[in-house]
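Heads up, the sequence shown is in the UniProt record's numbering, so the first residue is 1 and it goes up one at a time. Structure record follows, encoded as structure tokens.
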Amino acid sequence: MVVDFTYSLVETRQLMKTKIVACIWSPKTDLIALGSESGCVSVHRYKMTCIWECDKSDLGSVSNLTWRPDGKILTAAFSSGKVCFFVVGDGFVFHELQFPSTIDYLLWTNYQSPTTNTNNSNSEINYLKNNVATYFPDVKHLSMFKSDVNFSSSDVCKYAQLLRDIDGNKYFPILTVYSKNTVYFYGFGVFEIAAYNLHSADDTLNHTDTSKLISCHLSAEQNILLITESFLNVDGQCNVVCRKIPCDGFQKFGYQLMRLSSQAYSIKITKSDWSLCVELLQFILFGHCCPDLRKFLVEDWTAASLKRTGTATLKAYESIKTICFQQIQL
């Protein structure tokens, strides 16, 4: 029996001057995210009241939008291959990823944490599940932050909370990205777990540069990613190929990576010759400086600028000390 459905138009409003190419509802709240052809990303209430918008026209058109399952982070991909992570409350970009080509597929997935014997309190899985709240991205990820905002200790706690508190730590969120015949998997969206090159050298298919993604779907059990693509071979024949990529075990491997990162950092701070002064100098001048900042420090930091920076640093010493010791205690 066919059921009749009715609908009514609530409201029509002109929101952007350019074409809207992406639109997606938040999985948790009454928010809707829009992406335009001009590279503008905005978040609205269900009656289209704008909460915030961010102009990223220098990155090209918005190609994909996806919400993290807890609704706290909006992720946008642009035609330039850049992926930006927005804080849903104010639109702050707290993390970025760069890929060699346009993003054809972008999806957040919550993977269930591995089930273990609750009596085995010494197991690595139980340890990680109970201590996942101590996770914070490696220092090299922090150097990728680009903002004119001065971070305070409360800001650091805020963004750390965004990364680690995923529905009571019951799930391990993984971002799946398809770009230029390669599928990438990122734990929490910040560290790479795995990458599959679909057109590897040992592939028996005669690929050309005409490959086009048709569809990309995750199975209901979250253990297989199905990718369908079409391409012309060297003889001019059209081929359609469906590939199965195993995804089971990603959450366990991701937890292992987090554990290794935590252990490496613990070893680092327990060295007998370690000091806070040396650690700060390595961070600022040598360890994880991007090339632009390193060039600025070497060529453009004049004596007057250094004096002004020193004065400002002394005034902000208490905030800096708080942030540093928070990182050491993690």
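C-beta: ideal position from N, C-alpha, C; glycine also. As the structure is a computational prediction, the values presented were derived from the model and not from experiment.
Using CA coordinates, which residue listed in the options is at the minimum distance from residue i?
{"i": "residue 216", "options": "179, 193, 232", "result": "179"}
{"i": "residue 103", "options": "94, 65, 33, 74", "result": "65"}
{"i": "residue 40", "options": "176, 56, 92", "result": "56"}
{"i": "residue 223", "options": "58, 174, 234", "result": "174"}
{"i": "residue 221", "options": "248, 236, 196, 230", "result": "248"}
{"i": "residue 234", "options": "245, 243, 218, 211", "result": "211"}
{"i": "residue 70", "options": "27, 194, 12", "result": "27"}
{"i": "residue 78", "options": "238, 308, 311, 22", "result": "22"}
{"i": "residue 30", "options": "44, 213, 18, 188", "result": "44"}
{"i": "residue 49", "options": "34, 193, 59", "result": "34"}
{"i": "residue 14", "options": "47, 86, 88", "result": "47"}
{"i": "residue 186", "options": "230, 242, 97, 51", "result": "97"}
{"i": "residue 89", "options": "311, 32, 171, 9", "result": "32"}
{"i": "residue 105", "options": "232, 213, 242", "result": "213"}
{"i": "residue 171", "options": "37, 68, 19", "result": "68"}
{"i": "residue 59", "options": "74, 84, 109, 195", "result": "84"}
{"i": "residue 190", "options": "8, 108, 308", "result": "108"}
{"i": "residue 82", "options": "72, 91, 95", "result": "95"}
{"i": "residue 80", "options": "101, 111, 307", "result": "101"}
{"i": "residue 93", "options": "110, 72, 111", "result": "72"}
{"i": "residue 244", "options": "219, 231, 230", "result": "219"}
{"i": "residue 111", "options": "184, 19, 188", "result": "188"}
{"i": "residue 17", "options": "38, 9, 8", "result": "38"}
{"i": "residue 391", "options": "194, 199, 231, 19", "result": "The structure shown does not extend to residue 391, since the chain spans only 1 to 330, so no value can be given for it."}
{"i": "residue 183", "options": "238, 99, 236, 232", "result": "99"}
{"i": "residue 20", "options": "63, 323, 8, 305", "result": "63"}
{"i": "residue 242", "options": "52, 192, 181, 299", "result": "181"}
Using the three-state DSSP reduction, which class does residue i fall into: helix, strand or coil?
{"i": "residue 299", "result": "helix"}
{"i": "residue 179", "result": "strand"}
{"i": "residue 220", "result": "coil"}
{"i": "residue 230", "result": "strand"}
{"i": "residue 244", "result": "strand"}
{"i": "residue 311", "result": "helix"}
{"i": "residue 367", "result": "Only positions 1 to 330 of the chain appear in the structure, and residue 367 is not among them; the question remains open."}
{"i": "residue 106", "result": "strand"}
{"i": "residue 75", "result": "strand"}
{"i": "residue 59", "result": "helix"}
{"i": "residue 8", "result": "coil"}
{"i": "residue 319", "result": "helix"}
{"i": "residue 30", "result": "coil"}
{"i": "residue 305", "result": "helix"}
{"i": "residue 14", "result": "coil"}
{"i": "residue 141", "result": "Residue placement at residue 141 is poorly supported in this model, since its pLDDT is 42, which falls under 50; the coordinates are not used for a value here."}
{"i": "residue 134", "result": "Note that residue 134 scores a pLDDT of 43, beneath 50, so its modelled location is shaky; the value from the coordinates is reported in the next line. Three-state result, residue 134: helix."}
{"i": "residue 125", "result": "Below a pLDDT of 50, predicted positions are generally treated as unreliable, and residue 125, at 46, falls in that range; the measurement from the model is reported next regardless. Correct three-state label for residue 125: helix."}
Which word fits residue i, buried or exposed, when buried means at least 16 other C-beta atoms lie within 10 angstroms of its C-beta?
{"i": "residue 240", "result": "exposed"}
{"i": "residue 61", "result": "buried"}
{"i": "residue 226", "result": "exposed"}
{"i": "residue 25", "result": "exposed"}
{"i": "residue 197", "result": "exposed"}
{"i": "residue 76", "result": "buried"}
{"i": "residue 74", "result": "buried"}
{"i": "residue 311", "result": "exposed"}
{"i": "residue 36", "result": "buried"}
{"i": "residue 42", "result": "buried"}
{"i": "residue 6", "result": "exposed"}
{"i": "residue 176", "result": "buried"}
{"i": "residue 229", "result": "buried"}
{"i": "residue 8", "result": "exposed"}
Give me whichever residues DSSP pairs with residue i in a beta bridge.
{"i": "residue 50", "result": "44"}
{"i": "residue 35", "result": "22, 41"}
{"i": "residue 237", "result": "Partner(s): none; residue 237 has no beta bridge."}
{"i": "residue 95", "result": "85"}
{"i": "residue 174", "result": "109, 187"}
{"i": "residue 213", "result": "229"}
{"i": "residue 195", "result": "184"}
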